[in-house]
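Numbering-wise (our numbering), the sequence shown opens with residue 227 and increments by one. Here's the structure, in structure tokens; my notes come after.
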Amino acid sequence: MKDKICLITGGSQGIGKVTALELAKIGATVVIVCRNRQRGETAVAEIKSATGNNAVSLQLADLAEQAEIRQLAADFGAKYQRLDVLINNAGFIARERTLTQDGIEPTFAVNHLAPFLLTNLLLPLLKASAPARVVNVASQAHSQTLDFDNLQGEKSFEGIAPYKQAKLANILFTFELARRLAGTGVVANCLHPGVIRSQLLDDFDYM
Numbered sequence: 227m228k229d230k231i232c233l234i235t236g237g238s239q240g241i242g243k244v245t246a247l248e249l250a251k252i253g254a255t256v257v258i259v260c261r262n263r264q265r266g267e268t269a270v271a272e273i274k275s276a277t278g279n280n281a282v283s284l285q286l287a288d289l290a291e292q293a294e295i296r297q298l299a300a301d302f303g304a305k306y307q308r309l310d311v312l313i314n315n316a317g318f319i320a321r322e323r324t325l326t327q328d329g330i331e332p333t334f335a336v337n338h339l340a341p342f343l344l345t346n347l348l349l350p351l352l353k354a355s356a357p358a359r360v361v362n363v364a365s366q367a368h369s370q371t372l373d374f375d376n377l378q379g380e381k382s383f384e385g386i387a388p389y390k391q392a393k394l395a396n397i398l399f400t401f402e403l404a405r406r407l408a409g410t411g412v413v414a415n416c417l418h419p420g421v422i423r424s425q426l427l428d429d430f431d432y433m
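In structure tokens, the structure reads:
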């Protein structure tokens with residue numbers, strides 16, 4: 227992975243941080259995205275110290291807000307001339323239904339619309355960097371169907387249900403993205419990382 231540039235959302239803790247650490251170990255240039263500067267800077271410092279790789283940096287963005295996603299893509303494109311691997315990892319589960327500034331329920335915004343928008347904004351750079359790869363972190367907990375009448379909990383907001391819908395949307399998006407990218411040199415994958423002890427469900431009554 228030497229000379230490869232990797233962008234990882236949700237890279238300050240949990241799965242994203244471990245992924246960033248392992249990529250840094252094998253020589254990649256790693257950019258982690260999170261919304262909390264202190265946590266992000268701490269993660270970058272720890273990864274650099276553990277790996278001896280100083281090509282690790284931070285970009286701040288609240289992925290619930292589409293304006294910040296657009297700014298993230300613009301800032302990344304201004305700083306880097308290529309993108310070899312985009313890992314859409316950031317996850318969020320809301321305890322109760324609210325709306326973002328864009329009028330979107332945050333669980334759906336962060337878990338699906340953010341990777342959808344960020345990937346599409348960065349596709350020109352990914353294609354220009356081919357061979358390149360998009361990795362969407364999905365979940366075996368995904369819904370079996372999408373309920374378009376209650377996609378964002380408009381009618382009822384029950385526990386982890388919006389997260390499950392978003393994760394199915396991740397999978398469907400990945401399959402269609404892979405189909406559309408055939409022949410471009412950009413590969414799209416999604417995965418279930420397993421049951422991981424991360425901070426995603428901290429203080430969340432998902433039963």
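We treat Cβ as the ideally placed atom computed from N, Cα and C, and that holds for glycine. Bear in mind that the values here come from a model prediction, so they are computed numbers and not experimental data.
Could you give the C-beta distance for residue i and residue j, rounded to a whole number, given that I count them as a contact under 8 Å?
{"i": "A254", "j": "L309", "result": "Not quite, the Cβ-Cβ distance comes to about 12 Å (not below 8 Å), so this is no contact."}
{"i": "A356", "j": "V412", "result": "6 Å"}
{"i": "I241", "j": "P388", "result": "At roughly 20 Å, the Cβ-Cβ gap does not stay under 8 Å, so I241 and P388 are not in contact."}
{"i": "L233", "j": "I313", "result": "7 Å"}
{"i": "T245", "j": "N315", "result": "7 Å"}
{"i": "H368", "j": "I386", "result": "That belief does not hold up - the Cβ atoms of H368 and I386 are roughly 11 Å apart, past 8 Å."}
{"i": "L247", "j": "M227", "result": "Actually they are not in contact, since the Cβ atoms of L247 and M227 sit about 13 Å apart, beyond 8 Å."}
{"i": "I258", "j": "A271", "result": "Not a contact, Cβ separation roughly 12 Å."}
{"i": "Q297", "j": "A304", "result": "Wrong, their Cβ atoms sit about 10 Å apart, outside the cutoff."}
Comparing C-alpha positions only, which one of the options sits nearest to residue i?
{"i": "T333", "options": "K353, Q391, S365, F302", "result": "Q391"}
{"i": "P434", "options": "D229, T245, L407", "result": "What is shown of the chain runs 227 to 433, which leaves residue 434 out entirely."}
{"i": "I319", "options": "R296, N346, I313, Q378", "result": "Q378"}
{"i": "D229", "options": "E294, Y306, V244, E380", "result": "Y306"}
{"i": "L348", "options": "V363, L403, I397", "result": "L403"}
{"i": "A364", "options": "K243, V282, N337", "result": "N337"}
Per DSSP, what kind of secondary structure is residue i in: helix, strand or coil?
{"i": "R359", "result": "strand"}
{"i": "N415", "result": "strand"}
{"i": "T400", "result": "helix"}
{"i": "I386", "result": "coil"}
{"i": "L407", "result": "coil"}
{"i": "T345", "result": "helix"}
{"i": "L351", "result": "helix"}
{"i": "L372", "result": "coil"}
{"i": "I295", "result": "helix"}
{"i": "L339", "result": "helix"}
{"i": "L394", "result": "helix"}
{"i": "L233", "result": "strand"}
Give every residue of the same chain whose Cβ lies closer than 6 Å to the Cβ of residue i, excluding the five residues on either side of it in the sequence, and list them in chain order.
{"i": "G477", "result": "What is shown of the chain runs 227 to 433, which leaves residue 477 out entirely."}
{"i": "V361", "result": "I313, N415"}
{"i": "L251", "result": "Strictly speaking, residue 251 in this sequence is Lys, with Leu absent from that position. Correct list, in chain order: T277."}
{"i": "A354", "result": "none"}
{"i": "R405", "result": "none"}
Who are the near neighbours of residue i in its chain, counting only those whose CB is closer than 7 Å to its CB and skipping five residues on each side?
{"i": "T326", "result": "A290, E291, P332, A335"}
{"i": "L343", "result": "Q292, I295"}
{"i": "R212", "result": "Outside the shown range of the chain, which is 227 to 433, sits residue 212, and nothing can be said about it."}
Excluding five sequence neighbours on each side, which residues of the same chain lie with their C-beta closer than 8 Å to the C-beta of residue i?
{"i": "N280", "result": "K274"}
Quick check: is the beta carbon of residue i nearer than 7 Å to any beta carbon in chain D?
{"i": "A354", "result": "In the structure shown, chain D cannot be found, because there is only a single protein chain."}
Runs of beta strand (DSSP E) wholly within the segment 299 to 337 (minimum 3 residues, chain order): Those beta strand (DSSP E) runs which fall completely within the segment 299 to 337 and span 3+ residues are 311 to 314.
Completely contained alpha helix (DSSP H) runs for the segment 241 to 290, where each covers 4 or more residues: Taken in chain order, the complete alpha helix (DSSP H) segments of 4 or more residues contained in the segment 241 to 290 are 263 to 277.
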